[in-house]
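Just below is one structure, and these are the notes that go with it.
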Amino acid sequence: MTRLCLSICCLFMVLYANAQERKWQYRLGLDAFVAGLVHIENAPTTTIKDKNYGAVIPHLQVGRKINEKWTIAAGLGFIRHKSSFRFTSDQDALVNTMEYLAVPVSVQYKLLNWGGNKSWKLEGAAWNKLLIYHESNLPDLTPYLFYIYPRFNSYVLNARLATNVEWNLNNQHSVAVTGFVSRDLTAYLNKHSVLDYIQPSRYLFGGLGLSYTF
2 MTRLCLSICC
12 LFMVLYANAQ
22 ERKWQYRLGL
32 DAFVAGLVHI
42 ENAPTTTIKD
52 KNYGAVIPHL
62 QVGRKINEKW
72 TIAAGLGFIR
82 HKSSFRFTSD
92 QDALVNTMEY
102 LAVPVSVQYK
112 LLNWGGNKSW
122 KLEGAAWNKL
132 LIYHESNLPD
142 LTPYLFYIYP
152 RFNSYVLNAR
162 LATNVEWNLN
172 NQHSVAVTGF
182 VSRDLTAYLN
192 KHSVLDYIQP
202 SRYLFGGLGL
212 SYTF
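Numbering (the numbering used here), first residue to last: 2 to 215.
Following this line, the structure appears as structure tokens:
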């Protein structure tokens, strides 16, 4: 919770510090990614795990150039995750679905310029994922144990590393193509969840993004 408060404070600092200067940048982006679960305890040998999938992340960020090399940014995004586990080959799969409001806070460093209008940048970010919706079909799989339901963490911290190539346009706007890898540092299930053997799992995902800065 302390990390969340610090991240939100950083967001407001970015949004309200001298908004009239030309150093401000607004970035609209859409990321496409593939994801899977890691850090899963060994399940029974009869268990079949279906845990890979793809999705998209729409996000809007506001950044401020500190100098020609460094930029800080924060914003809002939306992430939808799901996991699927089939305990036996003839059983329906357990499906958990989570939707998050994401608050990314990032630092970007420009490595080099070339060709007059292109630049190569590196980025490190913390994505604070706030749970806004969750669903599980576990009660349907255990109709005689209606009190059993997985407990989802309301806050998940995610670390992201990215690199992008940016093209500056004549109107001082720019477009960028980004490659990234991202990993949850916090489990999406609470440690007191009934699903003990999958509780330590985290999402690992990576993909490509397209963004427009103005």
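Just so it is clear, CB atoms sit at the ideal spot from N, CA and C, and this is done for glycine as well.
query	result
Just to confirm my understanding: we take K192, look at its own chain, exclude 5 residues before and 5 after, and list those with CB closer than 7 Å. What are they?	Q200
I need the straight-line Cα distance from N171 to G30, nearest angstrom please.	20 Å
Could you give the first and the last residue of the continuous alpha helix (DSSP H) run that contains D141?	139 to 142
Looking only at its chain, what residues have a beta carbon closer than 7 Å to the beta carbon of F34, apart from the 5 residues adjacent to it on each side?	G55, A56, I58, F206, G207, G208
So, is E22 buried or exposed, given that buried needs 16 or more other C-beta atoms within 10 angstroms?	Low local confidence applies: a pLDDT of 48 at E22 is under 50, so the model's placement there is unreliable, with the coordinate-based value given in what follows. Under this definition E22 is an exposed residue.
Throw me the rounded Cβ distance for the Q62 and G76 pair, which I believe falls under 8 Å.	3 Å
Of the choices A103, A177, L186, whose alpha-carbon is the least far from that of W121?	A177
Going by Cα to Cα distance, which pick from T179, R81, L139 is closest to L162?	T179
Buried or exposed: I80, going by 16 or more other Cβ atoms within 10 Å of its Cβ?	buried
Classify V160: buried if its beta carbon has 16 or more other beta carbons within 10 angstroms, exposed otherwise.	Residue identity check: residue 160 is Ala in the sequence provided, not Val. Its Cβ having fewer than 16 others within 10 Å, A160 is exposed.
In its own chain, which residues sit with a C-beta less than 8 Å from the C-beta of H174, not counting the 5 before and 5 after it?	Y213, T214, F215
Can you tell me which of the three DSSP states I149 falls into?	coil
Find the nearest neighbour of L113 within the set E69, A94, Y189, judged by alpha-carbon distance.	E69
Where do the ends of the beta strand (DSSP E) carrying D185 lie?	175 to 185
What residues match up with G37 in a beta bridge as DSSP calls it?	L205
Are the beta-carbon atoms belonging to Y134 and L123 less than 8 Å from one another?	no
According to DSSP, is Y213 part of a helix, a strand, or is it coil?	strand
Cutting at 7 Å between CB atoms, please list the residues of its own chain near F153, excluding the five before and the five after it.	M99, L132, H135, Y189, L190, N191
Can you tell me the Cα-Cα spacing of T187 and S155, whole angstroms?	11 Å
Identify, in the order they occur along the chain, each residue of the same chain with its Cβ nearer than 7 Å to the Cβ of H40, setting aside the five sequence neighbours on each side.	P201, S202, R203
In terms of residue numbering, what span does the beta strand (DSSP E) encompassing G55 cover?	54 to 66
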